[in-house]
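FYI, the numbering for the sequence shown is -22 to -1, 1 to 163, going by mature numbering (1 follows the signal peptide of the UniProt record, and there is no 0). All residues carry an ideal CB built from backbone N, CA and C; glycine is no exception. What follows is one structure encoded as C-alpha coordinates, with my remarks underneath.
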Amino acid sequence: MNSSPIQLVFVALTALLLSACASLPEELTATSDAVVTDYATWTQLDPAQHHEVRLGGVIAKVTNLAHQTRVEVVNLPVDNAGRPSLTSEPQGRFVAYVKGFLDPVTYGEGRLITLVGTTGEPERGKVGDFEQLFPVMNAHGHYLWRVTERVVIDDTGPYLFPCRNFYCRHFDDYPRNGRVIQEVN
(Lines of atoms letter the chains of each structure in order from A and count residues from 1; the text may use other names and numbers.)
(Lines give C-alpha, C1' and ligand atoms only; values in the text may rest on other atoms or scores of the structure.)
Protein backbone atom coordinates (compact mmCIF):
# COMPACT_ATOMS: atom_id res chain seq x y z
CA MET A 1 0.00 0.00 0.00
CA ASN A 2 1.46 3.35 -1.05
CA SER A 3 1.31 6.29 1.33
CA SER A 4 0.49 9.67 -0.06
CA PRO A 5 2.85 12.60 0.66
CA ILE A 6 0.11 14.25 2.72
CA GLN A 7 -0.12 11.22 5.00
CA LEU A 8 3.66 11.16 5.45
CA VAL A 9 3.71 14.86 6.32
CA PHE A 10 0.84 14.34 8.78
CA VAL A 11 2.66 11.45 10.49
CA ALA A 12 5.90 13.45 10.67
CA LEU A 13 4.14 16.50 12.16
CA THR A 14 2.30 14.35 14.69
CA ALA A 15 5.57 12.73 15.79
CA LEU A 16 7.21 16.15 16.07
CA LEU A 17 4.35 17.57 18.16
CA LEU A 18 4.29 14.57 20.49
CA SER A 19 8.05 14.75 21.02
CA ALA A 20 7.65 18.37 22.15
CA CYS A 21 5.32 17.38 24.99
CA ALA A 22 6.80 17.47 28.47
CA SER A 23 7.87 14.08 29.69
CA LEU A 24 9.07 12.75 33.01
CA PRO A 25 12.87 12.82 33.40
CA GLU A 26 14.42 9.36 33.41
CA GLU A 27 15.75 9.89 36.96
CA LEU A 28 12.17 10.14 38.26
CA THR A 29 10.76 6.92 36.82
CA ALA A 30 9.13 4.74 39.41
CA THR A 31 9.36 0.98 39.77
CA SER A 32 5.58 0.59 40.06
CA ASP A 33 2.53 2.10 38.39
CA ALA A 34 0.90 3.11 41.68
CA VAL A 35 2.97 6.19 42.52
CA VAL A 36 1.61 8.66 45.06
CA THR A 37 2.16 12.26 43.96
CA ASP A 38 -0.11 14.05 46.44
CA TYR A 39 1.40 15.18 49.75
CA ALA A 40 -1.86 14.96 51.74
CA THR A 41 -2.47 11.41 50.49
CA TRP A 42 1.10 10.40 51.33
CA THR A 43 0.85 11.63 54.93
CA GLN A 44 -2.23 9.44 55.45
CA LEU A 45 -0.54 6.23 54.23
CA ASP A 46 0.97 3.59 56.51
CA PRO A 47 4.79 4.01 56.35
CA ALA A 48 5.30 0.29 56.98
CA GLN A 49 3.73 -0.46 53.57
CA HIS A 50 6.66 1.24 51.75
CA HIS A 51 4.50 2.94 49.13
CA GLU A 52 6.29 4.55 46.22
CA VAL A 53 6.02 8.35 46.12
CA ARG A 54 7.13 11.14 43.77
CA LEU A 55 7.15 14.57 45.40
CA GLY A 56 8.96 17.82 44.89
CA GLY A 57 9.43 21.29 46.18
CA VAL A 58 11.97 23.77 47.45
CA ILE A 59 15.10 22.58 49.25
CA ALA A 60 15.09 23.94 52.82
CA LYS A 61 18.14 22.17 54.23
CA VAL A 62 20.81 19.67 53.14
CA THR A 63 22.78 17.62 55.69
CA ASN A 64 25.47 15.16 54.63
CA LEU A 65 25.70 12.06 56.80
CA ALA A 66 28.26 9.22 56.68
CA HIS A 67 26.73 7.28 53.75
CA GLN A 68 23.72 9.33 52.69
CA THR A 69 22.37 12.85 52.45
CA ARG A 70 19.34 14.17 54.32
CA VAL A 71 17.35 16.66 52.25
CA GLU A 72 14.56 18.65 53.90
CA VAL A 73 12.05 19.82 51.30
CA VAL A 74 9.15 22.29 51.48
CA ASN A 75 6.59 20.44 49.40
CA LEU A 76 4.99 21.91 46.27
CA PRO A 77 2.55 19.97 44.07
CA VAL A 78 4.17 18.34 41.03
CA ASP A 79 2.72 18.02 37.53
CA ASN A 80 2.77 14.94 35.26
CA ALA A 81 6.35 15.75 34.23
CA GLY A 82 7.43 15.90 37.88
CA ARG A 83 7.96 19.68 37.87
CA PRO A 84 7.09 21.52 41.09
CA SER A 85 4.44 24.22 40.66
CA LEU A 86 5.71 27.76 41.21
CA THR A 87 2.22 29.19 41.64
CA SER A 88 0.98 26.84 44.39
CA GLU A 89 1.26 27.34 48.12
CA PRO A 90 3.52 24.93 50.05
CA GLN A 91 1.68 21.98 51.56
CA GLY A 92 4.12 20.99 54.28
CA ARG A 93 7.63 19.59 54.65
CA PHE A 94 9.16 16.20 54.18
CA VAL A 95 12.58 14.61 54.54
CA ALA A 96 14.27 12.55 51.83
CA TYR A 97 17.34 10.39 52.33
CA VAL A 98 19.48 10.06 49.20
CA LYS A 99 22.32 7.52 49.04
CA GLY A 100 25.72 9.08 48.63
CA PHE A 101 26.94 12.65 48.79
CA LEU A 102 25.02 15.67 47.48
CA ASP A 103 27.03 18.88 47.42
CA PRO A 104 25.24 21.50 49.56
CA VAL A 105 26.31 24.24 47.15
CA THR A 106 24.71 22.53 44.14
CA TYR A 107 21.71 21.39 46.18
CA GLY A 108 21.42 24.68 48.04
CA GLU A 109 18.49 26.25 49.84
CA GLY A 110 15.85 27.57 47.48
CA ARG A 111 16.56 25.18 44.58
CA LEU A 112 13.68 23.14 43.15
CA ILE A 113 13.93 19.36 43.39
CA THR A 114 11.74 16.34 42.71
CA LEU A 115 12.43 13.00 44.36
CA VAL A 116 11.07 9.50 43.88
CA GLY A 117 11.37 6.75 46.48
CA THR A 118 9.60 4.70 49.10
CA THR A 119 8.04 5.79 52.38
CA GLY A 120 10.01 5.50 55.59
CA GLU A 121 9.21 5.97 59.25
CA PRO A 122 8.36 9.61 60.09
CA GLU A 123 10.86 11.53 62.20
CA ARG A 124 10.63 14.45 64.59
CA GLY A 125 12.36 17.68 63.70
CA LYS A 126 12.20 21.41 64.20
CA VAL A 127 11.49 24.37 61.98
CA GLY A 128 12.89 27.16 64.10
CA ASP A 129 11.56 26.42 67.59
CA PHE A 130 8.45 24.64 66.30
CA GLU A 131 8.52 20.85 66.59
CA GLN A 132 7.11 18.95 63.66
CA LEU A 133 6.68 15.35 62.51
CA PHE A 134 8.26 14.97 59.05
CA PRO A 135 7.15 12.26 56.64
CA VAL A 136 10.25 10.45 55.31
CA MET A 137 11.14 9.18 51.85
CA ASN A 138 14.04 6.87 51.03
CA ALA A 139 14.82 8.26 47.59
CA HIS A 140 16.18 6.18 44.73
CA GLY A 141 15.99 9.01 42.19
CA HIS A 142 16.01 12.79 42.14
CA TYR A 143 16.05 15.64 39.66
CA LEU A 144 17.23 19.21 40.25
CA TRP A 145 15.23 21.81 38.29
CA ARG A 146 16.18 25.22 36.93
CA VAL A 147 13.86 28.21 36.96
CA THR A 148 14.12 30.30 33.81
CA GLU A 149 12.58 33.70 33.34
CA ARG A 150 11.55 35.46 30.18
CA VAL A 151 10.18 38.94 29.74
CA VAL A 152 7.14 39.53 27.52
CA ILE A 153 6.47 43.14 26.52
CA ASP A 154 3.02 44.01 25.22
CA ASP A 155 3.38 46.87 22.73
CA THR A 156 0.30 48.80 21.71
CA GLY A 157 1.94 49.65 18.40
CA PRO A 158 1.48 52.66 16.15
CA TYR A 159 -1.80 51.39 14.70
CA LEU A 160 -3.70 52.81 17.69
CA PHE A 161 -2.32 56.30 17.16
CA PRO A 162 -2.88 57.59 13.62
CA CYS A 163 -0.30 59.86 12.09
CA ARG A 164 -1.53 63.32 11.10
CA ASN A 165 1.20 65.15 9.18
CA PHE A 166 3.63 66.72 11.66
CA TYR A 167 1.74 65.40 14.66
CA CYS A 168 3.07 61.84 14.44
CA ARG A 169 4.19 60.30 17.68
CA HIS A 170 7.52 58.54 17.87
CA PHE A 171 7.27 54.77 18.40
CA ASP A 172 9.10 54.98 21.76
CA ASP A 173 6.36 57.26 23.12
CA TYR A 174 3.72 54.53 23.09
CA PRO A 175 2.79 52.99 26.44
CA ARG A 176 4.11 49.51 27.06
CA ASN A 177 3.22 46.84 29.55
CA GLY A 178 5.16 43.71 30.27
CA ARG A 179 5.40 40.75 32.56
CA VAL A 180 8.00 38.25 33.69
CA ILE A 181 7.12 34.62 33.09
CA GLN A 182 8.86 31.99 35.22
CA GLU A 183 9.15 28.43 33.94
CA VAL A 184 10.58 25.30 35.54
CA ASN A 185 12.95 23.40 33.24
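Kindly give me the distance between the Cβ atoms of Val(-12) and Val14, rounded to whole angstroms, as I take these residues to be in contact under 8 Å.
To locate residue -12, count along the sequence shown from 1; it is residue 11. To locate residue 14, count along the sequence shown from 1; it is residue 36. Between Val14 and Val(-12) the Cβ distance is about 37 Å, and since that is not below 8 Å, they are no contact.
Look at Pro100 and Leu111 and say whether their C-beta atoms are less than 7 Å apart.
Residue numbering aside, residue 100 sits at position 122 when the sequence shown is read from its first letter. Residue numbering aside, residue 111 sits at position 133 when the sequence shown is read from its first letter. Yes, Cβ-Cβ distance for Pro100 and Leu111 is below 7 Å.
Tell me the residue span of the alpha helix (DSSP H) that contains Thr15.
On the sequence shown, residue 15 is found 37 positions in, with the first residue counted as 1. Unbroken run through Thr15: none, as it is neither H nor E.
How big is the Cα-Cα spacing for Gln69 and Gly106?
Along the sequence shown, one-based indexing puts residue 69 at 91. Along the sequence shown, one-based indexing puts residue 106 at 128. Approximately 18 Å, taken between the alpha carbons.
Residues in its own chain within less than 7 Å of Ala74 by CB, not counting five upstream and five downstream?
Locating residue 74 in the sequence shown gives position 96, counting from the first residue. Taken in chain order, the residues that qualify are Val49, Val51, Leu93, Gly95, Met115 and Ala117.
Given Gly60, which residues of its chain have a CB within under 7 Å of its CB, disregarding the five upstream and five downstream residues?
Your numbering for residue 60 matches position 82 in the sequence shown. So the qualifying residues of the chain are Leu2, Pro3, Leu6, Arg32, Gly34, Thr92 and Tyr121.
Given a threshold of 16 other Cβ atoms within 10 Å of its Cβ, counted over all protein chains shown, does Leu54 qualify as buried or as exposed?
Taking the first residue of the sequence shown as 1, we reach residue 54 at position 76. With 16 or more other Cβ atoms within 10 Å, it is buried.
According to DSSP, simplified to helix, strand and coil, what is Leu6?
The residue given as residue 6 occupies position 28 in the sequence shown. DSSP places Leu6 in helix when its eight states are reduced to three.
Give the range of the beta strand (DSSP E) segment to which Arg89 is assigned.
Sequence index remark: in the sequence shown, residue 89 carries index 111 (1-based). Segment: none, Arg89 is in no beta strand (DSSP E) and carries neither H nor E.
Mind checking which residues open and close the beta strand (DSSP E) that includes Leu122?
Translated into the one-based positions of the sequence shown, residue 122 becomes position 144. Its beta strand (DSSP E) spans residues Phe108 to Trp123.
Please name the residue or residues paired with Val(-12) in a DSSP beta bridge.
For this step, residue -12 is matched to residue 11 along the sequence shown. Bridge partners of Val(-12): none, in fact.
If Gln46 and Lys77 are in contact, beta carbons under 8 Å, what's the gap, nearest whole angstrom?
Start at 1 with the first residue of the sequence shown, and residue 46 comes out as number 68. Start at 1 with the first residue of the sequence shown, and residue 77 comes out as number 99. Indeed, because the Cβ distance is near 5 Å, the residues count as touching under 8 Å.
How many whole angstroms separate the CB atoms of Ile37 and Gly88, which I take to be in contact at a CB cut-off of 8 Å?
Taking the sequence shown and counting its residues from 1, the one referred to as residue 37 is at position 59. Taking the sequence shown and counting its residues from 1, the one referred to as residue 88 is at position 110. Between Gly88 and Ile37 the Cβ distance is about 7 Å, and since that is below 8 Å, they are a contact.
Find out if the Cβ-Cβ distance for the pair Thr21, Pro113 is shorter than 7 Å.
Within the sequence shown, numbered from 1, the residue matching residue 21 stands at position 43. Within the sequence shown, numbered from 1, the residue matching residue 113 stands at position 135. Yes, they are a contact pair.
Since Ser66 contacts Asp57 with CB under 8 Å, what's their CB separation in whole angstroms?
Taking the first residue of the sequence shown as position 1, residue 66 is located at position 88. Taking the first residue of the sequence shown as position 1, residue 57 is located at position 79. The Cβ separation is near 10 Å, so there is no contact.
How about Thr84 and His29: do their beta carbons lie closer than 7 Å?
The count along the sequence shown starts at 1 and reaches residue 84 at position 106. The count along the sequence shown starts at 1 and reaches residue 29 at position 51. Cβ distance not < 7 Å, so Thr84 and His29 don't count as in contact.
So, Val125 versus Val162, is the Cβ gap smaller than 7 Å?
Stepping through the sequence shown from its first residue, residue 125 is reached at position 147. Stepping through the sequence shown from its first residue, residue 162 is reached at position 184. Yes, the pair counts as a contact, with Cβ atoms nearer than the cut-off.
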